[in-house]
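This report concerns only the one structure given below.
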Amino acid sequence: MDNDTAGSGRERLVVIGGDAAGMSAASQARRLKDPGALEIVAFERGRFSSYSACGIPYWVGGDVPERDALVARTPEEHRARGIDLRTGTEVTEIDVARRRVRARDVDSGAESWTAYDKLVIATGARPVRPELPGMDAAGVHGVQTLDDGQALLDSLARTDGRRAVVVGAGYIGVEMAEALLKRGYEVTVVNRGGEPMATLDPDMGRLVHEAMTGLGITMVNDAEVSGLLTHEDGRVSAVVTEGARYPADVVVLGIGVRPQTSLAAAAGLPLGAHGGLLTDLAMRVRGHEDIWAGGDCVEVLDLVSGQERHIALGTHANKHGQVIGSNVGGDYATFPGVVGTAVSKVCDLEIARTGLREKDARRVGLRYETVTVESTNSAGYYPDAALMTVKMIAERRTGRLLGVQIVGREGAAKRVDVAAVALTARMTVEQMTALDLGYAPPFSPVWDPVLVAARKAAAKVRGS
Ligand SMILES: Cc1cc2nc3c(=O)[nH]c(=O)nc-3n(C[C@H](O)[C@H](O)[C@H](O)COP(=O)(O)OP(=O)(O)OC[C@H]3O[C@@H](n4cnc5c(N)ncnc54)[C@H](O)[C@@H]3O)c2cc1C
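Just so you know, we're using numbering that gives the first Met the number 0 here: the sequence shown kicks off at 0 and counts up by one.
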């Protein structure tokens with residue numbers, strides 16, 4: 000086993016994880032420091048680098064024709080830019096005291112140590128896969144990586160059956176339900192919660208439920224999966240819940256993710272209540288001068304509640320990587336936190352949220368008012384004007400905006416960005432009513448739906 004050292008007077012940056020956070024960090028550090036000053040070695044367990052897992056549902060559904068379209072930068076392209084990216088290589092240990100990592104070649108099993116001056120941990124998240132009978136059967140798929148997406152597509156091609164069951168109704172489950180529907184499957188979504196999209200309040204989740212049912216998706220709520228049944232050949236045949244059985248030719252799991260921090264935990268690095276690494280504002284692991292972490296393996300500060308949360312989103316991972324790369328490269332950058340903005344869709348129904356749900360507000364002891372308004376995405380008289388529902392939550396007395404959820408047709412989802420900016424600026428709903436938002440009949444009514452909600456919320460706060 001080699002004990003490889005940086006040598007020749009230059010520093011060595013070692014990156015664990017070759018996707019959004021890791022390669023953004025590596026690329027930004029490379030932009031700032033040339034190979035003569037900084038050697039960059041990145042380890043990636045899989046075959047791909049800088050890929051968009053976010054695009055998997057659209058690739059599986061056929062909107063994106065091929066897998067390679069989801070790869071922003073291949074390993075060869077990274078190497079050509081002076082990053083020694085070692086794919087098919089898994090880091091199995093971080094030795095903080097001796098500033099080195101142990102890596103194993105996935106194919107040969109050969110192991111070696113690589114010394115670092117600076118270390119970036121960007122190991123992402125691991126999908127939840129409960130230990131239930133039948134979980135490992137053929138035809139049961141996660142969708143975390145491009146290899147997972149390929150395995151699912153191969154599996155769909157191998158079976159003639161057209162019944163798909165999606166377990167989990169978060170945004171990945173909902174997006175995968177659409178993908179399978181588009182491929183001509185009869186889709187059932189089995190959900191533990193009371194309504195799909197638990198990142199929304201149940202009254203808004205109910206709208207998603209109704210829309211999914213309208214699309215021909217069978218939505219089963221309040222259902223805990225107890226196991227999977229298989230055919231004699233070992234392929235999945237049904238998903239079983241207490242009291243029901245849902246026939247399945249293919250099963251897709253979208254039950255959520257947890258930070259992938261076993262390496263970091265074994266190395267004694269600090270983890271938070273949600274299992275993610277804890278960092279400072281510069282994304283430096285707390286208490287460790289030369290170790291940074293970002294992406295799905297860290298916890299982030301929720302600027303609205305003031306608490307740490309784990310939110311696995313590519314939008315954060317890329318920003319974290321940029322911040323880390325800037326700091327490692329000798330510049331200065333910080334990541335102040337998030338307000339919890341997320342958008343998704345199921346067919347033509349757009350779903351958006353930012354800030355706190357009612358239960359989040361209650362959990363942190365905030366008292367609040369809520370309003371829900373229905374409006375249209377364009378002037379009511381404009382052809383094809385379609386409805387959207389906006390729910391707004393504001394703090395009682397102060398009127399500070401706490402959260403917004405939007406469900407509706409075209410143009411609904413990205414309206415949440417106005418609310419995300421207002422939350423970041425800690426605006427009150429009263430202040431929001433004066434926002435100078437664009438208007439022309441094809442784009443919105445004279446009073447944009449977000450402004451209508453803000454007016455109604457401001458009136459309610461005044462009344463409280
Ligand atoms: C189906 C799907 C849809 C999504 N849609 C959206 C969306 O619409 N919007 C959004 O913002 N986000 C979305 N996301 C989330 C987004 O993809 C992730 O937040 C983002 O990829 C996180 O980037 P990351 O670099 O932190 O982790 P990852 O992308 O998980 O990358 C971590 C990498 O580290 C590697 N690795 C882990 N451990 C080791 C080790 N010990 N040694 C070597 N390599 C290791 C892994 O193989 C992996 O390639 C989606 C995710 C999925 C799965």
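All C-beta atoms in this analysis are idealised placements derived from N, C-alpha and C, irrespective of residue type, glycine included.
- Just measuring C-alpha positions, the residue of Ala247, Leu348, Leu422, Pro258 sitting nearest Met203 is Leu348.
- Under the criterion of beta carbons closer than 8 Å, Arg85 and Glu38 do not qualify as touching, at roughly 13 Å.
- Closest in C-alpha terms to Pro126, from the list Asp106, Ile171, Asp67, comes Ile171.
- Here the alpha carbons of Gly462 and Arg396 stand approximately 9 Å from one another.
- Distance between Ala28 and Glu177, taken at the CA atoms: about 39 Å.
- For Trp112, the closest alpha carbon among the candidates Asp104, Arg99, Val105, Ala71 is that of Arg99.
- For Pro74, the shortest separation between its Cβ and any heavy atom of ligand 1 does not lie below 8 Å.
- For Tyr50, there is no enclosing alpha helix (DSSP H), since its DSSP letter is neither H nor E.
- With a cutoff of 9 Å on beta-carbon distance, Ile254 and Val119 are scored as not near each other.
- Using a Cβ-Cβ distance cut-off of 8 Å, the segment 313–333 and the segment 346–364 are not in contact, since fewer than three pairs of beta carbons, one from each stretch, lie closer than that value.
- Glu298 sits in coil when the DSSP states are folded into three classes, being neither helix nor strand.
- By the neighbour-count definition (other C-beta atoms within 10 Å, threshold 16), Ala439 is an exposed residue.
- Inclusion of Asp295 in the 8 Å shell around ligand 1 follows from its C-beta lying nearer than that to a non-hydrogen atom of the ligand.
- According to the DSSP assignment, Leu401 belongs to the beta strand (DSSP E) that extends over 400–407.
- When DSSP states are grouped into helix, strand and coil, Leu276 belongs to the strand group.
- Counting only the Cα atoms, Pro246 lies some 16 Å from Pro132.
- When beta bridges are read from the DSSP output, Arg257 appears opposite Arg125.
- The continuous beta strand (DSSP E) containing Leu386 extends over residues 386–394.
- Annotation: Ser51 to Gly60 spans about 15 Å, alpha carbon to alpha carbon.
- For Pro56, the distance from the CB to the nearest heavy atom of ligand 1 is below 8 Å.
- At least one heavy atom of ligand 1 lies closer than 8 Å to the C-beta of Leu262.
- Residues of the same chain with a CB within less than 6 Å of the CB of Val90, apart from the 5 flanking positions on each side, are Ile15, Phe42, Val100, Ala102 in chain order.
- Met426 places its beta carbon 9 Å or farther from that of Leu450.
- Around the beta carbon of Pro258, a 10 Å sphere encloses 16 or more other beta carbons of the protein chains shown; the residue is thus reported as buried.
- Excluding five sequence positions before and after Ala311, the CB atoms of its chain that fall closer than 7 Å to its own CB belong to Ala124, Val256, Asp295, given in chain order.
- With fewer than 16 other Cβ atoms inside 10 Å of its own Cβ, Thr212 counts as exposed.
- About 7 Å separates the beta carbon of Leu155 from that of Arg182, a gap short enough to meet the 8 Å contact definition.
- Ligand 1 has no heavy atom closer than 8 Å to the beta-carbon of Val13.
- The alpha-carbon separation between Arg308 and Val284 amounts to approximately 16 Å.
- Rounded to whole angstroms, the separation of the alpha carbons of Thr144 and Arg44 is 11 Å.
- Counting only runs of at least 4 residues, the segment 69–156 fully encloses the following alpha helix (DSSP H) elements, listed from N- to C-terminal order: 74–79.
- With fewer than 16 other Cβ atoms from the protein chains shown falling within 10 Å of its own Cβ, Ser107 counts as exposed.
- Val165 is a Cβ neighbour of Val251, given a cutoff of 9 Å.
- Excluding five sequence positions before and after Gly267, the CB atoms of its chain that fall closer than 8 Å to its own CB belong to Val95, given in chain order.
- Straight across, the Cα-Cα distance linking Ser443 with Ser374 is about 9 Å.
- Distances from the alpha-carbon of Ala222 to those of Arg234, Val238, Ser343 put Val238 closest.
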